[in-house]
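**Q**
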């Protein structure tokens, strides 16, 4: 992803040199930056915290999880270079990944069965590794998975939901961007978990394989009405020829409304997809 120069851009933020802006969103700004050692990173900056927020347990939990993530090493997980509270500002510094998002790839058309199964196997393996380390991603969706120039899927953009919990930011704008990837229990107020990550991965696989235009959501409606509509899965859009029904059976279980009806974990999803490989 290319960065864009902007007027009045700071030369430095903390220990990071700033080169441009990679993106903006309701949760903050992502800068093209580099460390003191010269390593190029994607620096996600969240708004300043008040004193009460800085001492909250949710901020402590976010920082603790970020420290764990810095120890995670997996080819399907973006490497976290640094993280912390920088003068009242939460930040994540992640390695720069040169690639194309699954969202951009899906806009070109749906994936074939073999490509989709391979994608599911690799992402399930990455999630199993994360969950084994005690990290929940919280925001699995096509925009947060990059395909490198070598064809390797990499999960990126950690901690968005964790940051919103830590800073008390209302995420309605973000919910409107990708409501269909939220597990029912999360919509109902329960915390994110490995099971909700599994649900999001199931929805990602469905959307990458489904034919026809994606579901259109009403622009003006209460947020929970939009979420209700977005959570409906139109299986008539999913292919039925060949071995597609076998993949559909796996995805349907991942999309079970109750967490206990899903697979026991991402490793079990990986195992369920293995017979479809090749």
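Residue numbers (this note's numbering): 1180 to 1457. Think of the CB as a built atom: it goes at the ideal place given N, C-alpha and C, for glycine as much as any other residue.
1. Please return the same chain residues whose Cβ sits closer than 8 Å to the Cβ of residue 1203, not counting the five positions on each side in sequence.
2. What are the complete alpha helix (DSSP H) segments, minimum 4 residues, inside the stretch 1351 to 1425?
3. What separation, rounded to the nearest whole angstrom, lies between the Cα atoms of residue 1198 and residue 1222?
4. Helix, strand or coil: which one does DSSP assign to residue 1223?
5. Give me the Cβ distance between residue 1380 and residue 1302, rounded to the nearest whole Å; I'm assuming they're in contact under 8 Å.
6. Shortest alpha-carbon distance to residue 1456 belongs to which of 1256, 1295, 1196, 1306?
7. In this structure, how does DSSP classify residue 1434 when only helix, strand and coil are distinguished?
8. List the endpoints of the continuous beta strand (DSSP E) containing residue 1260.
9. Applying the criterion that 16 or more other CB atoms from any shown protein chain within 10 Å of the CB defines a buried residue, is residue 1436 buried or exposed?
10. With burial defined as no fewer than 16 other Cβ atoms inside 10 Å of the residue's Cβ, what is the status of residue 1360: buried or exposed?
11. Kindly indicate which residue of 1263, 1386, 1318, 1399 has the alpha-carbon position closest to the one of residue 1373.
12. Count the other C-beta atoms from every protein chain shown that fall within 10 angstroms of the C-beta of residue 1218, then say buried if there are 16 or more, exposed otherwise.
13. Can you grab the Cα-Cα spacing for the pair residue 1245 / residue 1446, in whole Å?
14. By Cβ distance below 7 Å, which residues in the same chain neighbour residue 1285 in space, the five residues on each side in sequence not counted?
15. If contact is defined by three or more beta carbon pairs under 8 Å, each pair taking one atom from either stretch, is the stretch 1302 to 1316 in contact with the stretch 1254 to 1265?
**A** With the structure as the only source:
1. Within the same chain, residue 1203 has close Cβ partners 1209.
2. Runs of the alpha helix (DSSP H) inside the stretch 1351 to 1425: 1351 to 1356, 1363 to 1366, 1373 to 1388, 1402 to 1409.
3. Going from the Cα of residue 1198 to the Cα of residue 1222 covers about 11 Å.
4. DSSP places residue 1223 in strand when its eight states are reduced to three.
5. Sure, about 6 Å apart at Cβ, within 8 Å.
6. With distances taken between Cα atoms, residue 1456 lies closest to 1295.
7. Reduced to three states, the DSSP call for residue 1434 is coil.
8. Here the beta strand (DSSP E) through residue 1260 covers 1259 to 1265.
9. Classification for residue 1436: exposed.
10. So residue 1360 ends up on the buried side.
11. Among 1263, 1386, 1318, 1399, the Cα nearest to that of residue 1373 is on 1318.
12. Around the beta carbon of residue 1218, fewer than 16 other beta carbons lie within 10 angstroms, which makes this residue exposed.
13. Taking the straight line from one Cα to the other gives about 22 Å.
14. Within the same chain, and ignoring the five residues on either side of residue 1285 in sequence, the residues whose Cβ sits closer than 7 Å to its Cβ are 1321, 1386, 1387.
15. These segments touch.
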